[in-house]
Amino acid sequence: MIETFSMQDLPATCVLYDKLAAGAWLRIDANAIGWDDDFEALVGTNAYGQDYVWGALTLEKVEQWRQRLVDSGNFGFCPDREEEHLDVLALQLHLSNLNVTIQNGCAA
């Protein structure tokens with residue numbers, strides 16, 4: 003299920019979190035986000051059709067996503083190349099997890 007909102011009627015973070023936790027995909031203006039079981043992460047698509055990995059489903063991550071929309075109205079930039087394949091998302095998620103591991107002082 004996709005729930006659509008505009009920036010003018012953007013719900014509070016806790017409402018967005020509850021909807022995502024219940025399995026909904028959210029579309030706010032031209033930006034979308036939802037949980038992906040394969041990647042085990044929040045993934046989204048920006049207004050330019052670029053896919054991205056946002057990370058864990060936590061209240062903090064949802065607040066960061068919401069605030070970024072409020073601050074800029076969009077994610078990313080107008081691409082000068084074709085849309086990236088989902089394999090790139092898997093690599094980004096792997097690198098993100100590796101970065102967290104390194105930041106925590108653990109060797110992978």
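Going left to right, the sequence shown walks through residues 3 to 110 as the numbering used here numbers them. Beta carbons: idealized from backbone N, C-alpha and C, even for Gly.
Residue i - containing beta strand (DSSP E), residue span
| i | result |
| --- | --- |
| residue 5 | 4 to 7 |
| residue 43 | 43 to 47 |
Euclidean distance between Cα positions of residue i and residue j
| i | j | result |
| --- | --- | --- |
| residue 55 | residue 5 | 19 angstroms |
| residue 74 | residue 65 | 14 angstroms |
| residue 31 | residue 10 | 10 angstroms |
| residue 47 | residue 12 | 18 angstroms |
| residue 69 | residue 63 | 10 angstroms |
| residue 59 | residue 49 | 22 angstroms |
| residue 53 | residue 61 | 21 angstroms |
| residue 40 | residue 3 | 18 angstroms |
| residue 71 | residue 28 | 13 angstroms |
Span of the alpha helix (DSSP H) around residue i
| i | result |
| --- | --- |
| residue 15 | 15 to 23 |
| residue 73 | 61 to 74 |
Residue environment, residue i, which counts as buried when at least 16 other CB atoms sit within 10 Å
| i | result |
| --- | --- |
| residue 14 | exposed |
| residue 51 | exposed |
| residue 45 | buried |
| residue 57 | buried |
| residue 24 | exposed |
Short CB-CB distance (under 8 angstroms) between residue i and chain D
| i | result |
| --- | --- |
| residue 30 | Absence of chain D from the displayed structure is noted, only one protein chain being present. |
*Counting pairs of beta carbons, one from the segment 3 to 18 and one from the segment 27 to 37, are three or more of them closer than 8 angstroms?*
yes
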